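Respectively, the protein sequence lines represent chains A and B.
Reminder that position 49 of the first sequence reads as 49 in this note's numbering, one-by-one numbering, no gaps.
Reminder that position 224 of the second sequence reads as 224 in this note's numbering, one-by-one numbering, no gaps.
Backbone N, C-alpha and C fix where the C-beta goes; we use that ideal spot for every residue, glycine too.
Bear in mind that the values here come from a model prediction, so they are computed numbers and not experimental data.
There are 2 protein chains.
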Amino acid sequence: MKIAIIFGGSSYEHEISIVSAITIKNVVKKHTLEFIFVDSNREFYLIDAQDMKSKLFSSKEYLKKGKKLTLQKKGFFITGLFGNKKIEFDIALNLIHGRDGEDGKLASLFEFFDVKYIGPRIEASVISFNKLYTKLYAQSLGVKTIDYRLVDINDKRDFDLTYPVIIKPLRLGSSIGVSIVKSQDELDYALDVAFEFDEQVIIEPFINGIKEYNLAGCFTQEWCLSIIEEPQKEEFLDFEKKYLDFARDNRVSEVNIENSLKERIEECFKGIYGSLFMGAIIRCDFFVIDDEVYLNEINPIPGSLANYLFDDFDKVLEEVATNLPTQKNIKIDYLYINNIQKAKGKA
Amino acid sequence: MKIAIIFGGSSYEHEISIVSAITIKNVVKKHTLEFIFVDSNREFYLIDAQDMKSKLFSSKEYLKKGKKLTLQKKGFFITGLFGNKKIEFDIALNLIHGRDGEDGKLASLFEFFDVKYIGPRIEASVISFNKLYTKLYAQSLGVKTIDYRLVDINDKRDFDLTYPVIIKPLRLGSSIGVSIVKSQDELDYALDVAFEFDEQVIIEPFINGIKEYNLAGCFTQEWCLSIIEEPQKEEFLDFEKKYLDFARDNRVSEVNIENSLKERIEECFKGIYGSLFMGAIIRCDFFVIDDEVYLNEINPIPGSLANYLFDDFDKVLEEVATNLPTQKNIKIDYLYINNIQKAKGKA
Numbered sequence: 001m002k003i004a005i006i007f008g009g010s011s012y013e014h015e016i017s018i019v020s021a022i023t024i025k026n027v028v029k030k031h032t033l034e035f036i037f038v039d040s041n042r043e044f045y046l047i048d049a050q051d052m053k054s055k056l057f058s059s060k061e062y063l064k065k066g067k068k069l070t071l072q073k074k075g076f077f078i079t080g081l082f083g084n085k086k087i088e089f090d091i092a093l094n095l096i097h098g099r100d101g102e103d104g105k106l107a108s109l110f111e112f113f114d115v116k117y118i119g120p121r122i123e124a125s126v127i128s129f130n131k132l133y134t135k136l137y138a139q140s141l142g143v144k145t146i147d148y149r150l151v152d153i154n155d156k157r158d159f160d161l162t163y164p165v166i167i168k169p170l171r172l173g174s175s176i177g178v179s180i181v182k183s184q185d186e187l188d189y190a191l192d193v194a195f196e197f198d199e200q201v202i203i204e205p206f207i208n209g210i211k212e213y214n215l216a217g218c219f220t221q222e223w224c225l226s227i228i229e230e231p232q233k234e235e236f237l238d239f240e241k242k243y244l245d246f247a248r249d250n251r252v253s254e255v256n257i258e259n260s261l262k263e264r265i266e267e268c269f270k271g272i273y274g275s276l277f278m279g280a281i282i283r284c285d286f287f288v289i290d291d292e293v294y295l296n297e298i299n300p301i302p303g304s305l306a307n308y309l310f311d312d313f314d315k316v317l318e319e320v321a322t323n324l325p326t327q328k329n330i331k332i333d334y335l336y337i338n339n340i341q342k343a344k345g346k347a
Numbered sequence: 001m002k003i004a005i006i007f008g009g010s011s012y013e014h015e016i017s018i019v020s021a022i023t024i025k026n027v028v029k030k031h032t033l034e035f036i037f038v039d040s041n042r043e044f045y046l047i048d049a050q051d052m053k054s055k056l057f058s059s060k061e062y063l064k065k066g067k068k069l070t071l072q073k074k075g076f077f078i079t080g081l082f083g084n085k086k087i088e089f090d091i092a093l094n095l096i097h098g099r100d101g102e103d104g105k106l107a108s109l110f111e112f113f114d115v116k117y118i119g120p121r122i123e124a125s126v127i128s129f130n131k132l133y134t135k136l137y138a139q140s141l142g143v144k145t146i147d148y149r150l151v152d153i154n155d156k157r158d159f160d161l162t163y164p165v166i167i168k169p170l171r172l173g174s175s176i177g178v179s180i181v182k183s184q185d186e187l188d189y190a191l192d193v194a195f196e197f198d199e200q201v202i203i204e205p206f207i208n209g210i211k212e213y214n215l216a217g218c219f220t221q222e223w224c225l226s227i228i229e230e231p232q233k234e235e236f237l238d239f240e241k242k243y244l245d246f247a248r249d250n251r252v253s254e255v256n257i258e259n260s261l262k263e264r265i266e267e268c269f270k271g272i273y274g275s276l277f278m279g280a281i282i283r284c285d286f287f288v289i290d291d292e293v294y295l296n297e298i299n300p301i302p303g304s305l306a307n308y309l310f311d312d313f314d315k316v317l318e319e320v321a322t323n324l325p326t327q328k329n330i331k332i333d334y335l336y337i338n339n340i341q342k343a344k345g346k347a
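Below, the structure is given as structure tokens:
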């Protein structure tokens with residue numbers, strides 16, 4: 001299978017997406033890859049696989065070495081003097097983390113221009129990108145989520161909180177803009193930081209030492225679930241550790257938990273995935289509090305697609321690519337306008 | 001102001017959008033209009049204002065008379081031998097009802113390609129296009145909605161209902177696929193009809209003679225609200241009446257209700273509009289049951305933009321066009337990758 005990895009984007013997670021794409025290059029063995037970079041200006045560039053090094057982008061060398069593409073009906077094209085040449089691939093893979101990739105834009109572009117793709121569809125993107133909508137969606141399915149308070153940038157900051165709390169921009173991933181606040185006097189600064197990234201933030205109680213479990217997967221003809229991992233947490237990740245987190249390519253070992261808990265986590269995952277996330281490989285992060293499973297967040301495009309959680313990642317890609325949801329074909333026959341014309345005696 | 005009306009789309013409401021666009025042509029007096037048609041194949045065509053008649057589209061004459069456009073960075077272009085010519089306008093107006101227009105696709109295209117537009121943003125589209133998400137969103141704001149049952153196409157149909165009920169496809173507007181079901185023996189057929197249009201449907205109690213009130217508006221520097229209308233309802237609208245409904249251009253008279261009810265309806269509207277619908281002129285349809293206000297649905301692109309509810313529709317367009325929400329400018333400085341390079345001794 002030939003897969004076109006779409007990465008970059010006008011996103012706070014632009015650089016992380018580059019790291020993810022390089023990692024995918026290293027872990028995918030059975031498929032051929034093309035790389036299509038979306039630069040900060042939202043222009044598309046075809047990047048040669050052997051040029052896929054982070055410095056190509058940070059040095060802006062991609063402007064010279066990459067080939068500029070346009071997105072048109074059915075795919076990406078190189079425009080030349082003698083017409084357009086189509087970039088051939090079987091399927092695109094949306095690997096843009098954050099804005100553009102996870103907010104529904106890329107899904108919309110691919111559906112409008114009729115490009116087959118692996119990744120969350122428009123609704124799935126919006127529901128998982130916005131932490132409030134994630135909670136409302138989970139609650140509607142009977143999946144528990146952590147209590148929260150939504151704060152707008154224009155709201156008065158006169159609320160009482162029980163500390164510690166965790167403050168998150170409403171619409172970002174990868175811990176960007178997130179702070180743990182231990183007392184009232186740290187609150188203002190943490191809110192200011194979060195409001196740098198979004199006009200709305202969400203405040204949740206921070207539970208020290210909470211048990212966290214990650215599970216990735218997709219539904220194709222059947223459920224294809226990864227192992228469950230208990231991620232190693234440190235209160236603050238420096239840039240190198242964050243880098244390593246998105247560059248993960250070594251399979252991790254499964255957490256040792258009771259079968260009944262494992263099954264409950266898997267049931268929650270399946271409920272959340274539902275029909276909404278068809279076509280995407282997602283990772284859900286769960287908390288367990290007093291033996292109850294809570295959804296923390298949905299990563300519809302997890303770092304390096306959570307390849308390290310799967311036994312045979314190449315096969316997962318193939319399965320999801322061959323079981324994509326399809327757009328309904330809407331036939332437009334102008335029956336309605338023709339009837340009106342007839343009624344008016346004009347047809 | 002020069003406004004480009006975008007209409008058509010790959011949507012069950014394609015023809016209705018054409019009717020809407022022709023109506024807008026007739027009611028807008030102070031602004032210059034361009035017309036960009038999205039055909040059923042999702043190709044763009046520039047249509048001369050004087051050609052804006054429904055028969056141009058039903059006869060496929062637009063293929064000859066229209067000029068084919070491509071959407072690229074910053075706008076729509078006519079591609080020619082001597083380069084691309086940009087179609088000049090101050091702002092686009094999304095008038096595609098249903099799929100493509102109201103599901104987040106057009107919003108995504110305009111944001112990605114950096115085209116200024118009037119219409120719902122991506123999140124606003126998804127929340128209002130899906131009747132379940134509309135309810136979850138309204139509930140989270142404390143706005144009441146009608147009880148419902150969500151049914152998937154694969155679900156067993158062994159549920160008990162108290163009749164009459166109303167059955168609606170989860171994601172359509174304009175009453176398409178909607179049935180009122182008076183007894184159990186009509187249920188299967190009505191579900192089959194609705195499942196023709198969507199794989200999920202919503203069932204609500206149907207309350208005969210319920211009071212319905214419509215209110216349109218937007219927030220710019222201040223609230224710009226229309227009068228409240230009590231729509232004339234008939235149980236079944238034939239095609240000509242539906243046509244008339246989207247072609248409305250005569251100002252209607254305000255309903256005669258108590259001030260306190262009017263204020264409560266307006267408060268609900270403002271809550272729903274919030275910051276989510278900034279940039280759009282929306283119409284909310286409310287029910288009043290036992291003196292309580294319920295949200296029925298949000299039309300983020302109402303038929304002919306509900307022009308008939310406003311005193312000075314030209315001014316509303318101008319107000320919303322000059323108070324659009326803006327995309328955050330994300331600066332990508334490669335600080336993170338540069339730091340990694342330094343740490344590795346490569347920079």
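Limits of the unbroken alpha helix (DSSP H) element including residue i
i      : result
G217/B : No alpha helix (DSSP H) holds G217/B; the beta strand (DSSP E) holding it covers K211 to F219.
S226/A : Where S226/A is concerned, there is no enclosing alpha helix (DSSP H), although the beta strand (DSSP E) it sits in stretches over W223 to E229.
F195/B : L187 to F195
F77/B  : F77/B -> not in any alpha helix (DSSP H); beta strand (DSSP E) instead, spanning G75 to G80.
S260/B : N259 to Y273
S54/B  : S54 to S58
E102/A : Segment: none, E102/A is in no alpha helix (DSSP H) and carries neither H nor E.
L176/B : Rather than Leu, the amino acid found at residue 176/B in this sequence is Ile. Segment: none, I176/B is in no alpha helix (DSSP H) and carries neither H nor E.
F313/A : F313 to A321
E15/B  : H14 to V27
N338/B : L335 to A343
Strand pairing of residue i, partner residues [DSSP]
i      : result
Y294/B : K144/B and F287/B
K2/A   : T32/A
I153/A : According to DSSP, I153/A bridges with nothing at all.
N299/A : R283/A
L93/A  : I5/A and I118/A
K67/B  : L46/B
K84/A  : Residue identity check: residue 84/A is Asn in the sequence provided, not Lys. Paired residues: T79/A.
K168/A : I202/A
F37/A  : F7/A and Y45/A
F180/A : Here the sequence assigns Ile to residue 180/A, which means Phe is not the residue at that position. I180/A is bridged to I166/A.
Q72/A  : G75/A
Where the beta strand (DSSP E) containing residue i begins and where it ends
i     : result
Y45/A : F44 to I47
Cβ-heavy atom distance, residue i to the ligand NAP, below 7 Å
i      : result
S226/A : The ligand NAP is not part of the structure shown, which contains no ligands of any sort.
Distance between beta carbons of residue j and residue i, contact taken as under 8 Å
i      : j      : result
I47/A  : G66/A  : 5 Å
A49/B  : L63/B  : Between L63/B and A49/B the Cβ distance is about 18 Å, and since that is not below 8 Å, they are no contact.
I227/A : I265/A : So it is not a contact: roughly 11 Å between Cβ atoms.
I6/B   : L106/B : 7 Å
D90/A  : M1/A   : 5 Å
Q327/B : E111/B : 6 Å
K211/A : F269/A : Not quite, the Cβ-Cβ distance comes to about 16 Å (not below 8 Å), so this is no contact.
D245/A : G209/A : In fact, because the Cβ distance is near 20 Å, the residues do not count as touching under 8 Å.
L150/A : L161/A : Going by Cβ atoms, the distance from L150/A to L161/A rounds to 13 Å, so no, they are not a contact pair.
V408/B : D103/B : A question about residue 408/B goes unanswered here, because the residues of chain B that appear run from 1 up to 347.
D249/A : N307/A : 6 Å
F277/A : A124/A : 5 Å
G70/B  : F37/B  : Reading off the sequence, residue 70/B comes out as Thr, not Gly. At roughly 14 Å, the Cβ-Cβ gap does not stay under 8 Å, so T70/B and F37/B are not in contact.
Margin query: For the segment 158-173 of chain A against the segment 196-209 of chain A, do three or more pairs of beta-carbon atoms, one drawn from each stretch, fall closer than 8 Å, so that the two count as touching?
Written below: yes
Check: Okay, do the segment 90-99 of chain A and the segment 16-27 of chain A touch, 3+ Cβ pairs below 8 Å being the bar?
Finding: yes
Item checked: Residues of the segment 128-139 of chain A with Cβ closer than 9 Å to any Cβ of chain B, in chain order -> F129, N130, L132, Y133, K135, L136, Y137 and Q139
Next item on the list: Residues of the segment 100-115 of chain B with a CB closer than 9 Å to any CB of chain A: list them in chain order, please.
Entry: The segment 100-115 of chain B vs chain A, Cβ under 9 Å: D100, D103, G104, K105, L106, A107, S108, L109, E111, F112, F113 and D114.
Check: Given a limit of 7 Å on CB to CB distance, which residues of the segment 22-40 of chain A reach chain B?
Finding: Of all residues in the segment 22-40 of chain A, S40 have a Cβ within less than 7 Å of some Cβ in chain B.
Item checked: Contact set between the segment 173-205 of chain A and chain B, restricted to residues whose Cβ is under 9 Å from the partner -> F197, D198, E199 and Q200
Notebook entry, point to check: Listed in chain order, which residues of the segment 60-72 of chain A have Cβ atoms closer than 8 Å to some Cβ of chain B?
Noted result: T70 and Q72
Check: With a cut-off of 8 Å, do at least 3 Cβ pairs link the segment 117-128 of chain B to the segment 72-90 of chain B?
Finding: Judged by Cβ distances under 8 Å, the segment 117-128 of chain B makes no contact with the segment 72-90 of chain B, as fewer than three pairs qualify.
Next item on the list: For the segment 267-277 of chain B and the segment 217-224 of chain B, state whether three or more C-beta atom pairs, one from each stretch, are separated by less than 8 Å.
Entry: yes
Notebook entry, point to check: With contact counted as at least three CB pairs below 8 Å, one residue from each stretch, are the segment 181-200 of chain B and the segment 287-306 of chain B in contact?
Noted result: Because the criterion of three Cβ pairs below 8 Å is not met, the segment 181-200 of chain B and the segment 287-306 of chain B do not touch.
Notebook entry, point to check: For the segment 143-166 of chain A, which residues have a CB atom closer than 8 Å to at least one CB atom of chain B, in sequence order?
Noted result: D152
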